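Asks: Chains A and B are the protein sequences, given in the same order.
1 is the number of the first residue of the first sequence in the working numbering; add one for each residue after it.
1001 is the number of the first residue of the second sequence in the working numbering; add one for each residue after it.
Beta carbons: idealized from backbone N, C-alpha and C, even for Gly.
Model, not experiment: these values are computed from the prediction.
Could you have a look at this structure, given as structure tokens, before my questions?
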Amino acid sequence: DGGITQSPKYLFRKEGQNVTLSCEQNLNHDAMYWYRQDPGQGLRLIYYSQIVNDFQKGDIAEGYSVSREKKESFPLTVTSAQKNPTAFYLCASSIPPQQGSGQFFGPGTRLTVL
Amino acid sequence: QQQVKQSPQSLIVQKGGISIINCAYENTAFDYFPWYQQFPGKGPALLIAIRPDVSEKKEGRFTISFNKSAKQFSLHIMDSQPGDSATYFCAASSGSNYKLTFGKGTLLTVNP
């Protein structure tokens, strides 16, 4: 069953803690993405990776970090430097855009800072 | 220039009616325009997409209309059903650019 999995589904964090959100895909996609979704704000790109061991900042990268050591995995760390981390986080993957198709999303992780 | 403006913000339609959501863009380099459907608490799902070489694409009850000269594209949902109630996002990207620019979404409610 091909797709994108994100874990955990819900995550609670105390202020000052770093947390890591998991994203795994078995679609054999080269590219992976992290988005943040807030009510009424649409989707905002945090980081993306076109290929293993390479990644680029998106529009709102401050306070976040990523790694891409394996093609299947693209974990996102929300650091204590992120001022307002409570949000719905979405991971996506795709083939290279010039080959067509769109981005395919995982089910999301809802992060709440207590 | 990277913006995609989506309207309306919310839409209420009666069952069996036509739902129409509009998007406008400024970047003439955009050449891929997908629409996503998102149910509460779920990730967005790719619904239908169009490239500027065609003016219309239809898949079942969902149709994208594209007007290149006006830099606008729209999603039409025919015979709208309560199960279509969701948030819809338009998006756009250009060439080999990996980044998708999203509209802010339209909350569609279809009343039975």
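1. Between which residues of its own chain and Leu-1050(B) is the CB-CB distance below 6 Å, once the five residues before and five after are set aside?
2. Over what stretch of residues does the beta strand (DSSP E) that includes Asn-1022(B) continue unbroken?
3. Pair every Cβ in the region 1081-1100 of chain B with every Cβ in the region 1032-1046 of chain B, then say whether three or more of these pairs are closer than 8 Å.
4. Just mark Ile-1012(B) as buried or exposed, buried being the case when its beta carbon has 16 or more other beta carbons within 10 Å.
5. Using a beta-carbon distance below 9 Å, is Gly-102(A) in contact with chain B?
6. Using a Cβ-Cβ cut-off of 6 Å (strictly less than) and excluding sequence neighbours within five positions of Leu-21(A), which residues of its own chain qualify?
7. Gly-102(A) bridges to which residues according to DSSP?
8. On the DSSP bridge list, what partners appear for Phe-74(A)?
9. I'd like to confirm the pairing. Which residues does DSSP put opposite Leu-21(A) in its beta bridges?
10. Can you find the residues in the same chain that come closer than 8 Å, C-beta to C-beta, to Asp-54(A), ignoring five residues on each side of it along the sequence?
11. Does the distance from the CB of Met-32(A) to the CB of Ser-49(A) come in under 9 Å?
12. Name the DSSP bridge partner or partners of Leu-1108(B)?
13. Can you tell me which of the three DSSP states Pro-8(A) falls into?
14. Pick helix, strand or coil for Pro-1034(B), following the three-state DSSP scheme.
15. In terms of alpha-carbon separation, which member of Gly-42(A), Leu-27(A), Asn-18(A) lies closest to Gln-1009(B)?
16. Only counting the same chain, and skipping five residues up and downstream in sequence, which positions put a Cβ closer than 8 Å to that of Tyr-64(A)?
17. Find the residues of chain A that neighbour Ala-1049(B), judging by a C-beta separation of less than 7 Å, and give them in chain order.
18. By alpha-carbon positions, which one of Asp-59(A), Asp-30(A), Pro-39(A), Gln-99(A) ends up nearest to Thr-1101(B)?
19. Leaving aside the five residues before and after Phe-1030(B) along the sequence, list all residues of the same chain whose C-beta is less than 7 Å from its C-beta, in chain order.
Replies: This is what the structure gives:
1. One detail in the question is off: residue 1050(B) reads as Ile in this sequence, not Leu. Cβ neighbours of Ile-1050(B) beyond the five flanking positions: Phe-1033, Lys-1057, Ile-1064, Phe-1066.
2. 1019-1025
3. yes
4. exposed
5. yes
6. Leu-76, Tyr-89, Thr-109
7. In the DSSP output, where bridge partners are listed per residue, Gly-102(A) has none listed.
8. None; Phe-74(A) has no bridge partner.
9. Leu-76(A)
10. Arg-68
11. yes
12. Leu-1011(B), Ala-1086(B)
13. coil
14. strand
15. Gly-42(A)
16. Trp-34, Ile-46, Tyr-47, Leu-76, Thr-77, Val-78, Thr-79, Gln-82
17. Gly-102
18. Asp-59(A)
19. Ala-1092, Ser-1093, Ser-1094
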